[in-house]
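Here's the structure we're looking at; comments come further down.
Laid out in structure tokens, this is it:
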């Protein structure tokens with residue numbers, strides 16, 4: 001059994017259909033990284049019809065920007081955007097003495113965005129190549 005088969009089996013066991021992709025966004029990476037990653041994911045998985053983009057805290061704006069850029073590129077259409085505030089568990093709350101700046105911040109923002117893939121023939125796997133163009137600048 002190949003690793004791709006194992007991954008598909010694990011997704012099906014977890015109740016996740018194989019045609020749904022997932023991207024967890026972090027604020028520590030550039031938004032462009034995730035846009036290219038999403039396009040590569042979609043190019044490598046032609047059966048994928050939906051992608052869930054999730055983010056916590058400061059990455060929420062990244063997630064919304066990623067979905068918007070993919071829609072502008074005609075790669076996908078934003079289907080559903082959910083943003084909400086989740087209270088922290090008592091064990092996750094910093095004590096006021098240890099971090100006075102964040103003592104009143106007893107929760108985090110969460111975004112869940114569903115995009116529907118537009119299998120537009122105008123974009124192809126070739127467009128997802130993110131390697132830099134290595135032209136020799138010293139050529140005559």
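Numbering (our numbering), first residue to last: 1 to 140.
Don't be surprised by glycine CBs; every beta carbon is placed ideally from N, CA and C.
Remember, it's a predicted structure, so these values are computed and weren't measured experimentally.
Query: Test item: CB-CB of residue 119 and residue 82 under 8 Å; Result: no
Query: When 54, 58, 41 are compared against residue 27, the one with the closest alpha-carbon; Result: 58
Query: Helix, strand or coil at residue 71 [DSSP, three-state]; Result: helix
Query: Own chain, CB closer than 8 Å to residue 108, minus 5 neighbours either side, in chain order; Result: 56, 57, 85, 86, 88
Query: Reference residue 115; option with closest CA among 65, 33, 32; Result: 65
Query: Chain-order list of residues whose beta-carbon lies under 7 Å from that of residue 70 (same chain, five-residue window excluded); Result: 35, 38, 76, 115
Query: Residue 108 - partner residues in DSSP beta bridges; Result: 86
Query: Cα-Cα separation between residue 20 and residue 42, rounded to whole angstroms; Result: 10 Å
Query: Whole runs of the beta strand (DSSP E) within the segment 16-68, excluding any shorter than 3 residues; Result: 20-25, 50-56
Query: Close-in-space but distant-in-sequence residues of the same chain around residue 78 (CB under 6 Å, 5 per side omitted); Result: 67, 71, 115
Query: Residue 54 versus residue 46: straight-line alpha-carbon distance, rounded; Result: 21 Å
Query: C-alpha distance - residue 18 paired with residue 48, whole-angstrom precision; Result: 7 Å
Query: Whether residue 31 touches residue 52 by CB criterion (8 Å); Result: no
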